[in-house]
Amino acid sequence: MIMKKILTGLAVLLGFSAPAWAQLQDTWHFGVKPTENITTLEVNPALTVIDDKAGVSLNTVTLKTYRVINENYNWGVELPLARYEAPNQSVNGLGDVSLSATGLYQANDMVGLGFKMEVLAPTATKDELGTGKLVMSPTAFAVITFPSQFYMHWEYKHYVSVAGDGARADVNYARPRLTLGYTSPSQWYALTNLYYYVDFENDMRSEFAPELELGTLVNEGTAFYVNVSTHAGGNWDQKDWGVSIGFKLLYL
Numbered sequence: 018m019i020m021k022k023i024l025t026g027l028a029v030l031l032g033f034s035a036p037a038w039a040q041l042q043d044t045w046h047f048g049v050k051p052t053e054n055i056t057t058l059e060v061n062p063a064l065t066v067i068d069d070k071a072g073v074s075l076n077t078v079t080l081k082t083y084r085v086i087n088e089n090y091n092w093g094v095e096l097p098l099a100r101y102e103a104p105n106q107s108v109n110g111l112g113d114v115s116l117s118a119t120g121l122y123q124a125n126d127m128v129g130l131g132f133k134m135e136v137l138a139p140t141a142t143k144d145e146l147g148t149g150k151l152v153m154s155p156t157a158f159a160v161i162t163f164p165s166q167f168y169m170h171w172e173y174k175h176y177v178s179v180a181g182d183g184a185r186a187d188v189n190y191a192r193p194r195l196t197l198g199y200t201s202p203s204q205w206y207a208l209t210n211l212y213y214y215v216d217f218e219n220d221m222r223s224e225f226a227p228e229l230e231l232g233t234l235v236n237e238g239t240a241f242y243v244n245v246s247t248h249a250g251g252n253w254d255q256k257d258w259g260v261s262i263g264f265k266l267l268y269l
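Taking our numbering, the leading residue of the sequence shown gets 18, the next gets one more, and so forth.
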């Protein structure tokens, strides 16, 4: 309950709210499990410190929507607005837009399975804000729900470029992910994402990048979360650390 009050207070201070639903639900859904097939609209400001000592960072505000087709399918769009900052230059613009479609299968009360196909279009208006490549990114995942509202999520995601600017570096890397999460009856949640990256284009360099996320329902139609991440190991240092917040309108 204390965690919920803290997160709710932060959301109120930032001035985001939405009308409460008239009827409360017995089971809370935040849209954090891939098998939670609900329509959402999200605003996600983020700061990624690429090189703290050198003063290199990327600020983004990503607009996201995921729309339910039926109980087994949804589609999504993510549009990032970005600012890259370095001591010798700063650029603003649009990043690479993401388009996706997801299929879900609930095997039983405990196990859910799914497949997602994502396409990253080379829409970035500056080289620093995107890859310059059309990138295909298939994902397979499984979610296991345990008693007492704990869950585990495992997925394998692969990024590979199939077209684009021939002068830009090709993309070919894997990103396995393990998530351990808890959803409280008091309308808040906590989870940790354990990301591992392997770059097949550059001598199998790798990175371990964990995240911690805390979120809450502000009311029954609005969720708020805080996410912190860091580089924890490996010879592929994509960032030193990052922090983001998010606001979701649910069940639109």
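Glycine included, each C-beta is placed from N, C-alpha and C at the ideal position. These figures come from a predicted structure and were not determined experimentally.
When DSSP states are grouped into helix, strand and coil, residue 201 belongs to the coil group. For the pair of segments examined, the segment 138-147 was found not to touch the segment 158-168: the number of CB pairs separated by less than 8 Å stays below three. Note that the C-beta distance between residue 73 and residue 103 is below 7 Å. For residue 185, there is no enclosing beta strand (DSSP E), since its DSSP letter is neither H nor E. Distances from the alpha-carbon of residue 266 to those of 153, 82, 155 put 82 closest. Here residue 144 is exposed. Its C-beta has fewer than 16 other C-beta atoms within 10 Å.
With a 10 Å radius around the Cβ and a threshold of 16 neighbouring Cβ atoms, residue 122 comes out exposed.
In its chain, beyond the 5 residues on either side, 159, 195 have a beta carbon closer than 6 Å to the beta carbon of residue 171. In terms of CA proximity to residue 53, 119 leads the group 69, 119, 75, 249. Close CB contacts of residue 178 within its chain, under the 6 Å cut and outside five residues either way in sequence, are with 150, 152, 187, 188 (chain order). Excluding five sequence positions before and after residue 108, the CB atoms of its chain that fall closer than 6 Å to its own CB belong to 101, 143, 145, given in chain order.
Secondary structure note for residue 134: its beta strand (DSSP E) is the uninterrupted segment 128-137. In the DSSP assignment, residue 242 is bridged to 232, 263.
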